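When the sequence shown is numbered by our numbering, its final residue is 454 and no position is left out of the sequence of numbers.
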Amino acid sequence: MSAAEAVTEALRELHARFVPLREGSLAEYIPQLARSDPDAFGLALISMDGHCYGVGDTRAPFTLQSVSKPFVYALALSLLGLDEVCRWVNAEPSGEAYNAVSLEPDTGRPDNAMVNAGAIITTALIPDTPDAPRFDRVLGCLSRFAGRELDVDEQVYASEAATGDRNRALAYLIRSTGPLPVDPVAAVDTYFRQCAVRATAMDLAAMTATLAHGGVNPLTGDVVVSGPVAAQVLTVMATCGMYDASGDWLLRVGLPAKSGVSGGLIAAGPARFGLATYSPRLDSTGTSVRGRAALGALSERLGLHLMHNPALAGSTVTLIATADELPTAGAAPRARAPRERVAVVAAQGALDFTAAERVLYALDEARPRGTEPVVLDLVEVTGVDRVARVMLGGGLGRIAAAGARTAVADPSRWLDLPGPGGREGPGVPRGFATRARAVAWCTGDGPG
Ligand code: GLN
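What follows is the structure, encoded as structure tokens:
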């Protein structure tokens, strides 16, 4: 058994546990959906490194239905921006069923893009031009999220088109109330086609992993949408993705999610994974019974709840010491008068706001008098985001400006500091390739 089998094993256990669950019924208002296999059950997970895990019916195609909504919303946000999209589709939980008439009384604006009314407008907002027809754009975008060419189940499309009067009625109602720049009635057919796009649970896991991965498909490396757009979509999924059960879902499962009436259910662990389940028997809210149970159990078992994400204490700062407490590699102890005390702080891993705060606090702890020279060792740091770069630059600059020698061992040049020979005057932090050189400079033994 391979080591990574442990992940598959966790999925396998859930699959076995919920296979006996036969509650719920198939969606019947789209006649073709009533023909799907009620016992199909698949679970798929894709990590941010593109590692794929699946159990059961993960390669069985089914139509996206409402699972398409967050991805078309992502396309609209990419093309028009959040403010423009929000003018026409709000981002408030409706607390109502997916097919409710969730429209603001005065403006006719739908509550959010996860319910049908909002999804129809979202689709309508996608530009329709001769060189790039609206549906081609939608299908192209869904395919890039999946990392392969998806297609349409023409029978399901025809079935919904023949029976979709409620959605057409919604489109007419919206058109009657709002000064929309687009025609939702004309777009409702495109909406039916997007709902009939066919994918597998593994495809859905890839699509969801792309959202969780800041818009970059972890299988293909394709930048499908920007990081901010991916975050906006995940947010609306978290607050509205499960319709009138969204609050309870966020409370208990704690993951942005979206369900569809064909039995698909997706959930994203931001910066962690994309999850998808397929099982067509639905509860009264139109959500897969087994999918809901399996994702709930998985979240609890693996500690995935968004709000329950304790930052690992002590994992950023690995050392607070003074230079004379540290072994100097290769060099014999020097028989010189005690040198000035040089504080040394070492950090590791990826530095963001939280990690940068820890490093700055440690720098203060390491310099009880507040005047000692200091070395910050970033040799084991694997990344520094924009916020952390500004924070560290500011904190180190403050120490240096107060007159203390301030050196950073920064071979990857995360902070892009001048070297010891730079033309900058004193009072500026300096960058070095190794900790030893940084310490030597602080003690006056090194160049500079
Ligand atoms: N095509 C379906 C509809 O518009 C999608 C609904 C859903 O999956 N919840 O009614």
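No residue lacks a Cβ here, since even glycine has one placed at the ideal position from N, Cα and C. From a predicted model like this one, the values you see are computed outputs, not experimental measurements.
Cross-strand partners of S290 (DSSP beta bridge) | For S290, which the question treats as bridged, DSSP gives no partner whatsoever.
Around the Cβ of H219, are there at least 16 other Cβ atoms within 10 angstroms (buried) or fewer (exposed)?
-> buried
Would you kindly work out how many angstroms separate the C-alpha atoms of A215 and C448, rounded to a whole number?
-> 46 Å
Which value, in whole angstroms, describes the spacing of the CA atoms of L369 and G425?
-> 20 Å
Distance, Y249 Cα to A205 Cα | 22 Å
Please confirm if the segment 279–286 is in contact with the segment 81–99, defined as three or more CB-CB distances below 8 Å between the two stretches.
-> no
DSSP state of P234 mapped onto helix, strand, coil | helix
Paired residues, beta bridge with S31 - DSSP | L288
Selected residue, minimal CA-CA separation from G266, among S290, L256, A236, V259 = S290
Any heavy atom of the ligand GLN closer than 8 Å to the Cβ of G247?
-> no
P76, DSSP secondary structure in three states = helix
Opening and closing residue of the beta strand (DSSP E) in which L382 lies | 380–390
Quick one: does the C-beta of G153 sit closer than 8 Å to a heavy atom of the ligand GLN?
-> no
Rounded straight-line distance, which links the Cα of G275 to that of L332 = 41 Å
Leaving out five residues on either side along the sequence, give the residues of the same chain with a beta carbon under 6 Å from the beta carbon of E160.
-> none
How many Å lie between D55 and L148 at the Cα?
-> 20 Å
Would you mind stating whether A123 and L179 have Cβ atoms separated by less than 9 Å?
-> yes
DSSP state of G437 mapped onto helix, strand, coil = strand
Own chain partners of S305 with C-beta closer than 7 Å, once the 5 adjacent residues on each side are dropped = V259, G260, L261, H311
Would the beta-carbon of I36 be found less than 8 Å away from any heavy atom of the ligand GLN?
-> yes
How do the segment 355–362 and the segment 390–397 stand: do at least 3 beta-carbon pairs fall below 8 Å, yes or no?
-> yes
What are the partner residues of I127, as DSSP defines its beta bridges?
-> Paired residues: none, contrary to the question.
Three-way DSSP call (helix, strand, coil) for R150 in this model = helix
The segment 234–243 in contact with the segment 81–95 per 3-pair CB rule at 8 Å = yes
Under a three-way DSSP split, which group does R204 fall into?
-> strand
Exposed unless 16 or more other CB atoms sit within 10 angstroms - verdict on G455 = Absent from the structure is residue 455, since the part of the chain shown begins at 7 and ends at 454.
Assigned secondary structure, L83 (DSSP; H/G/I helix, E/B strand, else coil) | helix
Classify E166 as buried or exposed, calling it buried when 16 or more other Cβ atoms lie within 10 Å of its own Cβ.
-> buried
Mind checking whether L51 and L27 have CB atoms under 9 Å apart?
-> no
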